[in-house]
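J.: Start counting at 1 in the sequence shown, then tack on 478, and there's your number in my numbering.
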Amino acid sequence: MSTQLAFWRRTLDGVPRELSLPYDHGRPLAAGPRTGRVELRVGAELHAGVARVARAEGVSRLTVLQAALATLLYRLGAGSDLPLGTATAGGLLVVRADLSGGPTFTELLPRMASAMRGALDHQDSAFDRVMAELAPAGEPSAPAFPQVVLTLDEPAPSSSGAPRDLSWELVQQPGDDAAPAGLVGALTYARDRFERATAEAMARRFVDVLEQLVDRPSTPLSEVETVDATERRKLLLEWNDTARDVPPATIPELFEAQVARTPNAVAVADDHVRLSYGELNARANRLARLLAARGVGPERLVAVMVERSADTVVALLAVMKAGGACLPIDPSYPTERIGYLLEDTRPACLITTEALLTRTGGAVPAVLLDGVRTTAELAAAGDTDLGPAERPALLPAHPAYVLYTSGSTGRPKGVLIAHASIARLVCGTNYIDLGPGDVVSQLSSVSFDVAIFEVWGALLSGARLALPAPGVLSTAELRDFTARHGVSVMWLTSGLFHQVVDTDVTALSGVRQLLAGGDVLSVPRCAAVLESLPGIRLVNGYGPTENTTFTTTHVIGAGDVAGATAVPVGKPVSDTRLYVLDSGLRMVPPGVAGELYVAGSGLARGYFQRPGLTAERFVADPFGGNGARMYRTGDMVRWTAEGVLEFLGRSDGQVKVRGFRVELGEVEAALAAHPVVEQCAVTVHVTDSGDKRLVGYVVPRPGADAVDGTAVRAWLGDRLPDHLVPSAVMALDALPLTANGKLDRRALPTPPFAAGTPYRAPGSPQEEALCGIVASVLGVDRVGLDDDFFDLGCHSLHATQIASRVRGEMAVELRMRAVFEAVTVAGLARAVAAARPAAPPIVRRTAG
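Shown next, in the form of structure tokens:
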């Protein structure tokens, strides 16, 4: 008995408890007994082929069928370590299929035969004891183990409780002289997990895969095809039928054509200035002539660092009118980050203001919008559109923007976006309806790719662009801004979207089209918007910067939130093609997870001065014409049967935090540069409320002083944008490692998100209320008067939520900036005491 027991424990040690099968539904809270049944037939000729391969390789026919099923599951993303059940006269057995190392079918067969022999040799009660040990305790929804069973000429073994996910039952039909005459049987499936159409497809694919393997047994398993001709046409052509007949054009050409159509309509409005299309065009023309005189032209970069205002739009447009490409820099970036961007790109010049110039180091020639010299030059410059003699020919393929994103190697990378890619994003699109009656808000940082949609979606369609004061708005400020400007179209990052819905969903009243994304959207919050704001068009927008803001969109309806666990990311936008591929760049069937590759006119030209990285991520498109490229996103997705994409996660270390793309490697590289840090790691911690927070773990250098997490965060804050600074930094004696020496991220301790300041209790009802608000927003048990908000994990979206709660519950005017300046409840109480009473809500008015 001890030998038998040792065999099964060794055999089943580490066996996957739940395979990654192409499920239609998530695991239910309590699995039911409901099953479905699909007929399964294998013709006599294929049956004879199975017998032929079995004889040639010296294995049983059952082994050939098991190996074929293992190959199918492997090609459908179930992994290379597969426990398969089978039935013998003695009962249930588990055969562990090892498909590692990329074997051929003939190389897999002896592995399967050896595993089967071992199982048969040790078939006794010891197996049942080990199975009992593997049974999960207290999990009524856990699938029966093993999940997949294949039987030949034996009844399928029953399971107690939940049915097996997939059970293949085959019976051989003897012909004359016992020759193979076919296989008949059925595939039984758990209806809690699979739809009938999926089970039918699985049965069909099994026969197709078996036929391929029997015809060509030396085929590497990675080359076995699981997509038939009908599906291939659907995946390549029908679901990617997004081409438009739109002549290529540059942004200046498109904008000047809009000026001709609506010269007197308001184009841009901020808190101080309103510019008509004609006035905006004239201002941009004057500045463009100054830039052209300084050598700006096609393929030359111009940095733009201006606080969000109408001047920002003038500067961006002027750069492109001069033929250059914009490098937008958020003025809130740390000085070191600004210096890196300027050093990495060495732009022809920098458009900025006197107040911001001190943060640039003076290494780049500056055009000061509020400088005396610039003012005089602008007054003397012509305001008509630039002619051919004033600027080299500007083509749609020339760069319009360089946008920097987080880099996995620690070095941020610039994405080079062409004029044609922006035109594809905003002209004649299939995901939004924009026109002269709309007002589009510009809430995003100018360095964020969504700002391209906001600015040029408005200005190339005849709509009005509305710009609030710099900084992230609290929900109350957003309500006032939206009502004051009559905003009808808005984009919100997922983090801000969730915050607004949680705080006051009616702040979005009057918005006709609301786009949100940048990270996974909360189903309950989407449901709350649809219920509270009937008539609103809510769109989930997904896409990497490398494909110019939006790759897919999905209009969220009631059917998407009723009982759902996730919101689809949708279908491709205009002039975009999507491929869901495996590691060998082969298409995977609908319902199967794969990596998303993107092609079409939205693709960026590549990474600025990073040819190696460009070649790695922008690869040849095997489904396109000569010279066609596609971008490897690193996102895992799957097609639904209706041709809609579902997002499943990342294949690497990239994460999304508050809608921003974060490469953990970049944060780790910055943390490793701290003078007291010997080793470090950065992870994402998800709070009970679903809030994502970066956490840094450091091992100090030998002999170094104790690590002060607050001081390290402040040090990082001088070098990284706010969204890249960890909410907590913890010191460890050593980083936990797995048995093979890799970082064991699961063993990293849970961050406390707590300050080391001694607790000081509130001394008044007002202070008690403020402590309660801050604790509630930050998701901590309590907050003392002197606790630093940012040591407790506070970030900009939390600050906006605190400001909104204070305004709503205490009826005072409190801007988000006051939260940053207060830092503690004691400071916040002083700010509240000095604040004026809240003004009544602004009555919404339409644009005019």
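Where is the CB? At the ideal position from N, CA and C, for every residue including glycine.
In three-state DSSP terms, what is H600?
T.: Coil.
J.: Just list the beta strand (DSSP E) runs in the stretch 531-601, keeping only unbroken ones of 3 residues or longer that don't cross its boundaries, in chain order.
T.: You should have 559-566 and 569-576.
J.: Between which two residues does the alpha helix (DSSP H) harbouring R1095 extend?
T.: Start and end: P1089 to R1095.
J.: Taking all protein chains shown into account, decide if P1153 is buried (16 or more other Cβ within 10 angstroms of its Cβ) or exposed.
T.: By the 10 Å Cβ count, P1153 comes out exposed.
J.: Give me the Cα-Cα distance between R1331 and G1080, rounded to the nearest whole angstrom.
T.: Lying outside 479 to 1326, the shown extent of the chain, residue 1331 is not represented and no answer is given.
J.: Which term fits G429, buried or exposed, when burial requires 16 or more other beta carbons within 10 angstroms of its beta carbon?
T.: The chain is shown from 479 up to 1326; residue 429 falls before or after that span and cannot be answered.
J.: Please return the same chain residues whose Cβ sits closer than 6 Å to the Cβ of E1246, not counting the five positions on each side in sequence.
T.: Excluding positions up to five away in sequence, the list reads P1240.
J.: Exposed or buried, what is R539 when buried is set at 16 or more other beta-carbons lying within 10 Å of its beta-carbon?
T.: Buried is the call here.
J.: Among the residues of its own chain, which have a CB less than 7 Å from the CB of K799, if the five just before and after it don't count?
T.: If we look at K799 and ignore the five residues flanking it on each side, its Cβ neighbours are P730, A762, N763, A766 and L864.
J.: Helix, strand or coil for A1098, going by three-state DSSP, please let me know.
T.: Of the three classes helix, strand and coil, the one that applies to A1098 here is strand, per DSSP.
J.: Checking 9 Å against the spacing of the C-beta atoms, do D1222 and P1214 come in under that value?
T.: In this structure, P1214 lies closer than 9 Å to D1222 by Cβ.
J.: Which word fits G580, buried or exposed, when buried means at least 16 other C-beta atoms lie within 10 angstroms of its C-beta?
T.: Exposed, because fewer than 16 other Cβ atoms sit within 10 Å of the Cβ of G580.
J.: Do V967 and V904 come within 9 Å of each other at the CB atom, strictly closer than that value?
T.: It is not a contact, given that the beta carbons lie outside the stated cut-off.
J.: Hey, quick one: how far does the beta strand (DSSP E) through Q853 stretch, first residue to last?
T.: Strictly speaking, residue 853 in this sequence is Thr, with Gln absent from that position. That residue, T853, is in no beta strand (DSSP E); its alpha helix (DSSP H) goes V850 to A858.
J.: Does the beta-carbon of A675 have 16 or more other beta-carbons within 10 angstroms, so that it is buried, or is it exposed?
T.: Flag for A675 reads exposed.
J.: Just to check my reading of the structure: V1076 and T1092 have Cβ atoms closer than 8 Å, yes? What is that Cβ distance to the nearest angstrom?
T.: No, V1076 and T1092 are not in contact; Cβ-Cβ is about 15 Å, not under 8 Å.
J.: Closest to G775 by CA distance: which of G802, S578 and V965 is it?
T.: When only C-alpha atoms are compared, the closest one is G802.
J.: Name the DSSP bridge partner or partners of S1328?
T.: Because the chain in this structure spans residues 479 to 1326, residue 1328 falls outside the shown range and cannot be described.
J.: Just how far apart, CA to CA, sit E703 and E1144?
T.: Whole-angstrom Cα-Cα distance: 38 Å.
J.: Pick out whichever of T549, V751, A1044 and D599 has its Cα sitting closest to the Cα of W486.
T.: If we check each option's Cα against that of W486, D599 comes out closest.
J.: Please state the DSSP three-state secondary structure of Q1157.
T.: Correct three-state label for Q1157: strand.
J.: Less than 9 Å between the C-beta atoms of V1331 and F1125, yes or no?
T.: What the structure shows of the chain is the stretch from 479 to 1326, and residue 1331 is not part of that stretch, so it cannot be assessed.
J.: The beta strand (DSSP E) that contains F684, what's its start and end?
T.: That residue, F684, is in no beta strand (DSSP E); its alpha helix (DSSP H) goes R674 to D693.
J.: How long is the line joining the alpha carbons of L1338 and V893, rounded to whole angstroms?
T.: Missing from the structure shown is residue 1338; the chain here goes from 479 to 1326 and no further.
J.: Is the closest heavy atom of the ligand SAH to the C-beta of R682 under 8 Å?
T.: The ligand SAH is absent from the structure shown, which contains no ligands of any kind.
J.: State whether the stretch 877-884 contacts the stretch 853-862, with contact taken as three or more CB pairs (one from each stretch) at a distance under 8 Å.
T.: At 8 Å Cβ cutoff, the stretches do not touch.
J.: Hey, quick one: how far does the alpha helix (DSSP H) through H976 stretch, first residue to last?
T.: From DSSP, the alpha helix (DSSP H) with H976 extends over S972 to D982.
J.: Determine the burial state of S1061: buried for a count of at least 16 other Cβ atoms within 10 Å of its Cβ, exposed for fewer.
T.: Burial call: exposed.
J.: Is it buried or exposed, G616, if we count other Cβ atoms within 10 angstroms and call 16 or more buried?
T.: Caution is warranted here: a pLDDT of 46 is assigned to G616, below 50, making its placement in the model unreliable, and the coordinate value is therefore given only provisionally. When all chains shown are included, G616 counts as exposed.
J.: Who are the near neighbours of I1251 in its chain, counting only those whose CB is closer than 8 Å to its CB and skipping five residues on each side?
T.: Around I1251: I1280, R1283, V1284 and E1287.
J.: Inspect the beta-carbon positions of A1206 and V1173 and report whether they are closer than 9 Å.
T.: Yes, the Cβ-Cβ distance between A1206 and V1173 is below 9 Å.
J.: So, is E757 buried or exposed, given that buried needs 16 or more other C-beta atoms within 10 angstroms?
T.: The residue in question, E757, is buried, as its Cβ has 16 or more Cβ neighbours within 10 Å.
J.: Have a look at the DSSP bridge pairing and note the partners of G892.
T.: Beta-bridge pairing links G892 to Y882.
J.: Out of L577, L1056 and G996, which has the shortest C-alpha to C-alpha gap to G1102?
T.: Of the candidates L577, L1056 and G996, the one whose C-alpha sits nearest the C-alpha of G1102 is L1056.
J.: For L715, count the other beta carbons within 10 Å of its own beta carbon; 16 or more makes it buried, fewer makes it exposed. Which is it?
T.: L715 is exposed by the Cβ-count criterion.
J.: Check N742 in the structure and name its three-state DSSP category.
T.: Correct three-state label for N742: coil.
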